[in-house]
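Numbering-wise (the numbering used here), the sequence shown opens with residue 50 and increments by one.
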Amino acid sequence: MHWFTAVFLAALALTTVGRLWLSRRNIRHVLANRNAVPAEFEGRIALAAHQKAADYTIAKARFGQMETLAAAAALLAFTLGGGLQFISEAWERMFEADGYAHGIALIASVALISGLVDLPFALYRTFVIEARFGFNRTSLSLFVTDLAKLAVLSALVGIPLVFLVLWLMAKMGETWWLYVWLTWAAFNLLIAMIYPTLIAPLFNKFSPLEDAALRSRIESLLAKCGFRSRGLFVMDGSKRSSHGNAYFTGFGAAKRIVLFDTLISRLAPTEIEAVLAHELGHFSLRHVWKRMGLLFAASLAFLWVLGLLIGRQWFFTALGVHAQGTAMALVLFFMVAPVFTFLLHPLASLYSRLHEFEADAYAARVADARDLARALVKLYQDNATTLTPDPLHSAFYDSHPPALLRIARLQTRHT
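Next up, the structure:
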């Protein structure tokens, strides 16, 4: 066995066992606290709602364990099981080996197969788990329509992008990774700019906010925060789910505020204002740019590492592939990379949590901390978010701080 094969298998085992162990910890912790609402939330969240959140969390966690095992099996099938090699050889019968057409066909095939593997899990999540707890409002026809739109959009955008990346890898010499990174960064910025007006409307309906009083309140908040928006919109999120949310999207002149219709129906105007103040905190504190900068730095590092590995035959053969080439290198590298970055999850989660605390503090300054706390309690209850996650599991996966910590900090800011 090649040394890198052993390293890969060890990393895969560590990641898979680690995910399962963390999931089991979370299930045990949530179960242990299922029959009592935390003292900090007594009188604000009913025991029945707390137990529903616990059951919902456990159902998702147990199903997630199956997904973890399936993902590990699929990765082994693609790599050491010979799946990628088989796909590459199949397309070599039609296209020149490692040519542009062959590379695009290889990447598209892997994406399609991965999507088909995930499809049963997506169906079960939507039509069994979400439906069991009263959240799903997606019809089967809407699910299929969304899938078809996503497939067409992915092909229209993905094929030219993949061709450009493969061309850069072939023509730009040893520093190809830098040009690919610049292309990737520009592509992400472009998508962020056009998403609100060209992509999002393909999947949801966005209507101008008609509530004059709420609109006036929000516009006053925007002026106070120095946020210039192209409009305030209500999204028909209720056609897919009863979960509620609010966000701002876009850059520059394309910025817009989006409220889910489910959010408007459940929160008081002052609470909606506080939630938006939190989102505006991310804007004012440049969290979006900081996160994008971190993403760009990470992608640059990944592509640099790939630049070191792409000429090493052992990188391919140790992972069950003999068809060495640019497209295969891309697929192989980004397929196995998550196995080696699992232990970095807590750092990413911590960084995100710090931003959430900062946005909460900002909202407490420009709005009312009590309104944000009340809104969060309602959202935790309506979305069946557990109040008692396992601390270690939460540290690995949760981009937002646990409810107890957020509410406690908001209360201290009010007092």
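Heads up, the beta-carbon is just placed ideally off N, CA and C, and yes, glycines get one too.
If you check the CB distance, residue 68 and residue 117 come in under 8 Å. Residue pairing for residue 290: DSSP places it in a beta bridge opposite 185. The C-alpha of residue 238 lies about 44 Å from the C-alpha of residue 97.
Between residue 282 and residue 258 the beta-carbon gap is near 7 Å, inside 8 Å, which marks them as a contact. If you ignore the 5 residues before and after residue 84, its C-beta comes within less than 8 Å of the C-beta of 96, 100, all in its own chain and listed in chain order.
Around the beta carbon of residue 179, 16 or more other beta carbons lie within 10 angstroms, which makes this residue buried. Residue 339 is classed as exposed because its beta carbon has fewer than 16 other beta carbons within 10 Å across all chains shown. By the CB criterion at 8 Å, residue 103 and residue 79 fall inside the cutoff. The Cβ atoms of residue 433 and residue 182 lie closer than 8 Å to each other. By the C-beta criterion, the segment 383 to 400 is judged not to be in contact with the segment 258 to 277, since fewer than 3 inter-stretch pairs fall below 8 Å. Listed in chain order, the non-local C-beta contacts of residue 82 below 7 Å within the same chain comprise 437, local neighbours out to five positions each way being set aside. Contact between the segment 165 to 175 and the segment 185 to 204 is present: 3 or more CB-CB pairs across the two stretches fall below 8 Å. In this structure, the beta-carbon distance from residue 87 to residue 453 falls below 8 Å. Around the Cβ of residue 142, a 10 Å sphere holds fewer than 16 other Cβ atoms; the residue is exposed. Here the C-alpha atom of residue 73 lies approximately 31 Å from the C-alpha atom of residue 423.
Residues 285 of the same chain have their beta carbon placed closer than 6 Å to that of residue 254, with the five preceding and five following residues left out of the count. Residue 189 counts as exposed, since fewer than 16 other C-beta atoms from the protein chains shown sit within 10 angstroms of its C-beta. For the pair residue 445 and residue 71, the CB atoms are nearer than the 8 Å cut-off. In the DSSP assignment, residue 72 forms no beta bridge with any residue.
Taking C-beta atoms as the reference points, residue 156 and residue 201 fail to come closer than 8 Å.
The DSSP assignment places no complete beta strand (DSSP E) segment of no fewer than 3 residues inside the segment 91 to 121.
Apart from sequence neighbours up to five positions away, the residues of its chain that approach residue 330 with a beta-carbon distance below 6 Å are 408, 411, 412, ordered along the chain. The DSSP-derived three-state label of residue 256 is strand. DSSP places residue 295 in the strand class (E or B) of the three-state scheme. Inter-residue distance for residue 215 and residue 266 is about 50 Å (C-alpha atoms, whole angstroms).
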